[in-house]
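Student: Protein chains in written order, with our numbering: chain Y, 1 to 169; chain E, 170 to 287; chain P, 288 to 699.
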């Protein structure tokens, strides 16, 4: 096995464990911290796929803004930050069966897609992926409409902030 | 380009180790005499009163949310700025429209009093 | 000869050939060389802090008309070493109820976030840690990790004042990131690339002349990001004790301290790289060592300005800071970005038709951008002054009480 494969498996395992701990942790802030570890693992995967821009954008947006907002909102809940209820309820065998079936179904569905095991196509050496991305974002036959709609979506988020401040008054 | 990201990955590991090793060393070298008064939480020299949660003001969350909105906007603008040479006039105007929408939103939020600290 | 002009690459090439001749595979050699490069850059950053602490204390002292450390070594230059030894041997006092893992992780994150930025700064035309093509956004990402370290520190100390300090610090740092990234977008726009080395290489005219407002904003917001005066409400010694660092002692506190000093130097290095031409100077392409010298001279000059600002200005209140950020810096930065984009588009469509020489193109570009900046600055000053004049009229003192004139019949 090549070294890069070993590293990939290790990081994948670590990310999955962190994702599991997000759900299992009793302490809410610990969950948020494990979420940060998971997001960081995802950023490393983007790096493996030679998508440097997305790796860095993931860290900037998710870890730099969203995770901090999570931690803020966790601390906003004034109840105890410790969850002392039992972790596992009585219906867990059925839940486990459903989860395995779902995962198996999704995996089987992906297997019927021929490109599942394909390698990513090599880009031309002088193709600048960032420039292509920028062009695609604003060219009329690519993604300019979602681009502008994204700004409207951000406006909606700001209106949410205005509403929050309004409530306080 | 792969070697550049390899550098960053290795640098990450090293930079995590560099402060860690002295901290561990100092932990071994330093004295370790905990007593209950030294370990108690500092509150201007008197005993702690009340639980350790604070009156969480909504302002923190609002500033974080505003930052999130602008952060996402700026991450969208980086590829636009890089591709500026090959953009047509339409592309430039699309980008400027994007910035303008958020600029007007900032002014609106200012008018509504969202950006106050009190 | 090449050793004299470019020592670092010469040593690297020699080492690489040595390792290859020892029989290692080329992949292993790459990994080993990269590891060595990473260690060199990391240790360089940390070793620099020892020098920086002395520089800061001496400069403070001289500006405050006193001497500063002058006992240990000539001009007190070895003063940092006894301080380091002292802080190494202090006890770690962990408060009761502190969350162990985030508590210990926070100082490491704080220092790591600053050190990580050194990976993309080019020291010379051929000496750069990692020339990724998203360098500028990487720097922003690394700053975000620093913010995370602070919130971990504040929360895990189990101290409500530390938590309060951490929240306010994070609110400030997060707010000031918006104009900082906006100011960073302008060199990216001018250079058409996000790679830091590409931005340096495309600075035939320093970007501080093409975008002075952006440079100024980047400088101010970076100082605010560091948490230094005049934005240092959060570790204001007289107010919130040490803010989020209250419950840290010994070397963990030392690490926060180191991180702050290194951060100040890092932002000077970044300002120099992005706006002042980095390693560019006469003959710096042929002789990379000269490029490194230029880089460090410029960085130390900017660092001196950072220290000067710290020691001269009074502290801002948090609502003043946040108002300044959201109501002044961000709108102006947005307007600057839009105006620069429009101007760049106009220039790139009209300039090829004029068929000037290379230096003519550069000259016109510089003059037009400088003019645009001056125009925006004048517009802002005009707006501020008209607002102030209105306030002055409103704030005129009114007479409080005037004795009524006695009626004329009484005076007779």
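Using N, Cα and C, we set each Cβ at its ideal position, and we do this for glycine too. In this text, all values refer to a predicted model and were calculated from it rather than measured experimentally.
Between which two residues does the alpha helix (DSSP H) harbouring residue 270(E) extend?
Tutor: Segment 258 to 280, the alpha helix (DSSP H) holding residue 270(E).
Student: Using a C-beta to C-beta distance shorter than 7 Å, which residues of chain P count as neighbours of residue 245(E)?
Tutor: By Cβ distance, chain P contributes nothing, its closest Cβ being about 11 Å from residue 245(E), past 7 Å.
Student: On a Cα-Cα basis, can you pick out the residue from 329(P), 344(P), 604(P), 385(P) that is closest to residue 595(P)?
Tutor: Closest option to residue 595(P), Cα to Cα, is 344(P).
Student: Are residue 66(Y) and residue 438(P) close, meaning C-beta to C-beta below 8 Å?
Tutor: No, they are not a contact pair.
Student: Drop a sphere of 10 angstroms on the beta-carbon of residue 338(P), count the other beta-carbons inside from all chains shown, and report buried for 16 or more, exposed for fewer.
Tutor: Answer is exposed; the Cβ neighbour count stays below 16.
Student: Does the segment 172 to 192 of chain E come into contact with the segment 324 to 341 of chain P, if we say contact requires no fewer than three beta-carbon pairs (one atom in each stretch) closer than 8 Å?
Tutor: Yes, since at least three Cβ pairs between the segment 172 to 192 of chain E and the segment 324 to 341 of chain P fall closer than 8 Å, the two stretches touch.
Student: Keeping to the same chain, check which residues put their C-beta closer than 7 Å to that of residue 348(P); ignore five residues upstream and five downstream.
Tutor: Within the same chain, residue 348(P) has close Cβ partners 354, 355.
Student: Can you tell which of 94(Y), 93(Y), 29(Y) has the C-alpha that lies nearest to the C-alpha of residue 70(Y)?
Tutor: The candidate whose alpha carbon is nearest that of residue 70(Y) is 29(Y).
Student: Counting Cβ pairs, one atom from each stretch, are 3 or more of them under 8 Å apart for the segment 152 to 159 of chain Y and the segment 497 to 508 of chain P?
Tutor: Not touching, per the Cβ criterion.
Student: With contact counted as at least three CB pairs below 8 Å, one residue from each stretch, are the segment 367 to 385 of chain P and the segment 407 to 422 of chain P in contact?
Tutor: Output reads no: the segment 407 to 422 of chain P does not touch the segment 367 to 385 of chain P.
Student: Interface residues of chain E around residue 41(Y) at Cβ under 7 Å?
Tutor: Result: empty, since nearest Cβ-Cβ is about 13 Å, beyond 7 Å.
Student: With DSSP as the reference, identify every bridge partner of residue 409(P), one or two as the case may be.
Tutor: Partner(s): 415(P).
Student: Can you find the residues in the same chain that come closer than 8 Å, C-beta to C-beta, to residue 374(P), ignoring five residues on each side of it along the sequence?
Tutor: Correct list, in chain order: 537, 538, 540, 541.
Student: For the segment 644 to 657 of chain P against the segment 622 to 636 of chain P, do three or more pairs of beta-carbon atoms, one drawn from each stretch, fall closer than 8 Å, so that the two count as touching?
Tutor: Yes, the segment 644 to 657 of chain P touches the segment 622 to 636 of chain P.
Student: If you run the structure through DSSP and keep just helix, strand and coil, what is residue 27(Y)?
Tutor: If DSSP states are grouped into helix, strand and coil, residue 27(Y) belongs with the strands.
Student: Would a check of beta-carbon distances place residue 165(Y) closer than 8 Å to chain P?
Tutor: No, no contact with chain P.
Student: What residue range is occupied by the uninterrupted alpha helix (DSSP H) comprising residue 349(P)?
Tutor: Where residue 349(P) is concerned, the enclosing alpha helix (DSSP H) stretches over 313 to 350.
Student: Between the alpha carbons of residue 525(P) and residue 12(Y), how many angstroms are there, rounded?
Tutor: Residue placement at residue 525(P) is flagged as unreliable, the pLDDT there being 46, under the threshold of 50; the coordinate-derived value follows with that caveat. About 47 Å.
Student: May I ask you to report which of helix, strand or coil DSSP gives residue 293(P)?
Tutor: Residue state, collapsed to three classes: coil.
Student: From residue 20(Y) to residue 38(Y), what distance separates their C-alpha atoms?
Tutor: Each residue's Cα considered, the two are about 9 Å apart.
Student: Give me the Cα-Cα distance between residue 291(P) and residue 320(P), rounded to the nearest whole angstrom.
Tutor: Straight-line Cα distance between these residues: approximately 21 Å.
Student: Taking the alpha carbon of residue 254(E) as the point to measure from, which residue in 431(P), 480(P), 455(P), 451(P) has its own alpha carbon closest?
Tutor: Considering only alpha carbons, the answer is 480(P).
Student: Specify the secondary structure class of residue 254(E) as computed by DSSP and reduced to three states.
Tutor: Helix, per DSSP.
Student: Tell me the DSSP secondary structure of residue 691(P) in three-state form.
Tutor: In this structure, residue 691(P) counts as coil in the three-state DSSP scheme.
Student: Pick helix, strand or coil for residue 202(E), following the three-state DSSP scheme.
Tutor: Looking at residue 202(E) - three-state DSSP - the assignment turns out to be coil, as it is neither helix nor strand.
Student: Along chain P, which residues have their Cβ under 7 Å away from the Cβ of residue 253(E)?
Tutor: What residue 253(E) touches in chain P: 476, 479, 631.
Student: Check for me: the alpha helix (DSSP H) holding residue 88(Y) runs from which residue to which?
Tutor: No alpha helix (DSSP H) contains residue 88(Y), which DSSP labels as neither H nor E.
Student: Residue 67(Y) versus chain P: which residues are under 8 Å apart at the beta carbon?
Tutor: In chain order: 435.
Student: DSSP three-state call for residue 491(P): helix, strand or coil?
Tutor: DSSP places residue 491(P) in coil when its eight states are reduced to three.
Student: Are there 16 or more other CB atoms within 10 angstroms of the CB of residue 341(P), so buried, or fewer, so exposed?
Tutor: Counting Cβ neighbours within 10 Å, residue 341(P) comes out buried, since at least 16 surround it.
Student: Go through its chain and collect everything with a Cβ distance to residue 397(P)'s Cβ below 8 Å, but skip five positions before and after it.
Tutor: So the list reads 433, 436, 437, 440, 542, 543, 546, once near-sequence residues are dropped.
Student: For residue 601(P) and residue 456(P), I'd like the C-alpha separation in whole angstroms.
Tutor: Approximately 18 Å between the Cα atoms of the pair.
Student: Using the beta-carbon count (16 or more within 10 Å), is residue 147(Y) buried or exposed?
Tutor: Result: buried.
Student: Under 8 Å between C-beta atoms, does residue 442(P) make it to chain Y?
Tutor: So yes, residue 442(P) belongs to the interface.
Student: Compare the beta carbon distance of residue 239(E) and residue 458(P) with 8 Å and say whether it is the shorter of the two.
Tutor: Contact: no.
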